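Engineer: Take the sequence shown: its position 85, counting from 1, is numbered 85 in UniProt numbering, and each next residue is one higher.
Take this structure, written in structure tokens, and hold onto it; I'll ask about it next.
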Amino acid sequence: MEPTAMEYHMISDKESSYDWRRQGEEVVDVIMEAADIEEEVANDVQEILGKRFSDCESAEMGLETEFAAESHYKLKILEDRPWQKEWEEFQTKLKNEARHFNQFGVNLLNKVLEGIDTMRTEEGNSLVTTIGPGTSIKVLYRARVLQSEEKLKEALRYPDKQLGPPPNKYALPGRMNSRGISMFYGAIEEDIAIGEVRPPVGSKVVVAKFNILKELKLLKLNALTKANSVGSIFDPAYILK
Numbered sequence: 001m002e003p004t005a006m007e008y009h010m011i012s013d014k015e016s017s018y019d020w021r022r023q024g025e026e027v028v029d030v031i032m033e034a035a036d037i038e039e040e041v042a043n044d045v046q047e048i049l050g051k052r053f054s055d056c057e058s059a060e061m062g063l064e065t066e067f068a069a070e071s072h073y074k075l076k077i078l079e080d081r082p083w084q085k086e087w088e089e090f091q092t093k094l095k096n097e098a099r100h101f102n103q104f105g106v107n108l109l110n111k112v113l114e115g116i117d118t119m120r121t122e123e124g125n126s127l128v129t130t131i132g133p134g135t136s137i138k139v140l141y142r143a144r145v146l147q148s149e150e151k152l153k154e155a156l157r158y159p160d161k162q163l164g165p166p167p168n169k170y171a172l173p174g175r176m177n178s179r180g181i182s183m184f185y186g187a188i189e190e191d192i193a194i195g196e197v198r199p200p201v202g203s204k205v206v207v208a209k210f211n212i213l214k215e216l217k218l219l220k221l222n223a224l225t226k227a228n229s230v231g232s233i234f235d236p237a238y239i240l241k
């Protein structure tokens, strides 16, 4: 890093005792760490880049170029505010403008989820899992709280109608849907399904088991905090991840 205008002024002041020292890491050390290479190779890379990015005008003015041998770099923390701003706009459009036909939302989600099927956690596990025939998870459970014997008998008589996704006109808002949009909320274990409906003391709960007929791809949301994107910091697209 080079001195600021104020620091240049203090350095040039003969009466000033100001002692300026470079901050950050030497360019060769940065190249070694970024490319995961030996120091000898990093020196060669620095020399090549130094020549490629040098120019006579900067040299005449005493200005340092990006990969000059004496250049130093300081780690810059990535700013996620642009993502936050787009997400806030996405929420506003869903709530107040267009819910079912929202091109802004489609574009944002495509950008956020691009390549997520290739990402891995720190332990090397995929963020996407497959369930259904031929996998360890072949069924899903769904529970419903019932307050009367009559409704209990009805649910046992017609489990597909009483425990399947409700008709749109009866659909209540949930984690992934708004009122009037029917969604199937399922669990991989009976106890989880019962816990999700939070049955009051003394109430009756019916649990139905649904066989998964075809493979489903699921995103493991709890694994996102451990996601580790693989790529090169020299790739501008990787920086956005």
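We put the CB at the ideal spot given by N, CA and C, even for glycine.
Since the model is a prediction, treat every value here as computed from it, not as a measurement.
Would you tell me roughly how many angstroms separate the C-alpha atoms of A31 and E47, rounded to the nearest one?
Structural biologist: By one-based count along the sequence shown, residue 31 stands at place 31. By one-based count along the sequence shown, residue 47 stands at place 47. Residue 31 is actually Ile in this sequence, not Ala. Distance between the alpha carbons of I31 and E47: 11 Å.
Engineer: Can you tell me the Cβ-Cβ gap for V206 and A193, rounded? I've got them flagged as a contact below 8 Å.
Structural biologist: In the sequence shown, the residue the question calls residue 206 occupies position 206. In the sequence shown, the residue the question calls residue 193 occupies position 193. With a Cβ gap of about 10 Å, V206 and A193 do not count as contacting.
Engineer: With a threshold of 16 other CB atoms inside 10 Å of the CB of V27, please say whether the residue is buried or exposed.
Structural biologist: What you label residue 27 is simply residue 27 of the sequence shown in a count that begins at 1. Looking at its Cβ environment, which holds 16 or more other Cβ atoms inside 10 Å, V27 is buried.
Engineer: Determine contact between the region 33-52 and the region 82-94, defined as no fewer than three beta-carbon pairs at a distance below 8 Å.
Structural biologist: Touching, no, given that fewer than three Cβ pairs across the two stretches are closer than 8 Å.
Engineer: I'd like to know whether the C-beta atoms of E57 and E64 end up nearer to each other than 8 Å.
Structural biologist: As a first step, residue 57 is located in the sequence shown; it is residue number 57 there, counting from the start. As a first step, residue 64 is located in the sequence shown; it is residue number 64 there, counting from the start. Against a cut-off of 8 Å, the Cβ pair of E64 and E57 comes out as no contact.
Engineer: Under three-state DSSP, which class holds E39?
Structural biologist: Taking the sequence shown and counting its residues from 1, one reaches residue 39 at position 39. Here E39 sits in helix by DSSP.
Engineer: Report the residue from Y73, T225 and Y170 whose alpha carbon sits nearest the alpha carbon of L127.
Structural biologist: As a working mapping, residue 127 is identified with position 127 in the sequence shown. Comparing Cα positions, the closest option is T225.
Engineer: Just mark Y141 as buried or exposed, buried being the case when its beta carbon has 16 or more other beta carbons within 10 Å.
Structural biologist: Translated into positions along the sequence shown, residue 141 becomes position 141. Y141 should be labelled buried.
Engineer: Which same chain residues end up closer than 6 Å to L109 when comparing Cβ atoms and leaving out the 5 residues on each side of it in sequence?
Structural biologist: Within the sequence shown, numbered from 1, the residue matching residue 109 stands at position 109. If we look at L109 and ignore the five residues flanking it on each side, it has no Cβ neighbours.
Engineer: What would DSSP say about V201, mapped onto helix, strand or coil?
Structural biologist: Sequence index remark: in the sequence shown, residue 201 carries index 201 (1-based). Looking at V201 - three-state DSSP - the assignment turns out to be coil, as it is neither helix nor strand.
Engineer: What does DSSP give as the partner residues of F210 in its beta bridges?
Structural biologist: Counting from 1 along the sequence shown, the entry for residue 210 is found at position 210. Partner(s): L140.
Engineer: Using only CA atoms, which one of R198, F210 and T129 lies nearest to L219?
Structural biologist: Working through the sequence shown from its first residue, we reach residue 219 at position 219. Taking only the C-alpha atoms, the option nearest L219 is T129.
Engineer: Could you check where the alpha helix (DSSP H) with K95 kicks off and where it finishes?
Structural biologist: Stepping through the sequence shown from its first residue, residue 95 is reached at position 95. That run of the alpha helix (DSSP H) goes R81 to N96.
Engineer: Does I192 come out as helix, strand or coil in the three-state DSSP assignment?
Structural biologist: Position 192 of the sequence shown holds residue 192. DSSP places I192 in helix when its eight states are reduced to three.
Engineer: Looking at the structure shown, is A187 part of a helix, part of a strand, or coil, going by DSSP?
Structural biologist: Residue 187 sits at position 187 when you count from the first residue of the sequence shown. Strand.
Engineer: Which residue comes first and which comes last in the beta strand (DSSP E) that contains K76?
Structural biologist: Stepping through the sequence shown from its first residue, residue 76 is reached at position 76. Element bounds for K76: n/a, residue is neither H nor E.
Engineer: If I measure Cβ to Cβ from H72 and keep anything under 8 Å in the same chain, skipping five residues before and after, which residues do I get?
Structural biologist: Counting from 1 along the sequence shown, the entry for residue 72 is found at position 72. Excluding positions up to five away in sequence, the list reads M1, R22, Q23, G24, E25, E26 and V27.
Engineer: Cutting at 8 Å between CB atoms, please list the residues of its own chain near G50, excluding the five before and the five after it.
Structural biologist: Sequence index remark: in the sequence shown, residue 50 carries index 50 (1-based). Excluding sequence neighbours, G50 sits near T65, F67, A68 and A69.
Engineer: Hey, how far is the Cα of N125 from the Cα of L75?
Structural biologist: As a working note, residue 125 is residue 125 in the sequence shown. As a working note, residue 75 is residue 75 in the sequence shown. Rounded to the nearest angstrom, the two C-alpha atoms are 29 Å apart.
Engineer: For R179, count neighbouring Cβ atoms within 10 angstroms of its own Cβ and tell me buried if that reaches 16, exposed if not.
Structural biologist: Position 179 of the sequence shown, counted from the start, is the residue given in the question as residue 179. The residue in question, R179, is exposed, as its Cβ has fewer than 16 Cβ neighbours within 10 Å.
Engineer: Could you check the C-alpha separation between G195 and A143 for me, to the nearest Å?
Structural biologist: Counted from its first residue, the sequence shown places residue 195 at position 195. Counted from its first residue, the sequence shown places residue 143 at position 143. Rounded to whole angstroms, G195 to A143 spans 9 Å at the Cα level.
Engineer: Please state if the CB of T121 and the CB of N222 are separated by a distance shorter than 8 Å.
Structural biologist: Locating residue 222 in the sequence shown gives position 222, counting from the first residue. Locating residue 121 in the sequence shown gives position 121, counting from the first residue. No; because the gap between Cβ atoms is not below 8 Å, this pair is not in contact.
Engineer: When the Cα of M183 is compared with those of G174, E190, V112 and D191, which residue comes out closest?
Structural biologist: Along the sequence shown, read from residue 1 onward, the residue named residue 183 stands at position 183. Nearest of G174, E190, V112 and D191 to M183, Cα basis: G174.
Engineer: On the three-state DSSP scale, how would you describe E26?
Structural biologist: Taking the first residue of the sequence shown as 1, we reach residue 26 at position 26. E26: strand per DSSP, three-state reduction.
Engineer: Evaluate L113 with the Cβ neighbour count: other Cβ atoms within 10 Å of its Cβ, from every protein chain shown; 16 or more gives buried, anything less gives exposed.
Structural biologist: Taking the sequence shown and counting its residues from 1, the one referred to as residue 113 is at position 113. It counts as exposed.
Engineer: Taking Cβ to Cβ, would you say K204 is nearer than 8 Å to L146?
Structural biologist: To locate residue 204, count along the sequence shown from 1; it is residue 204. To locate residue 146, count along the sequence shown from 1; it is residue 146. The answer is yes: Cβ separation under 8 Å.
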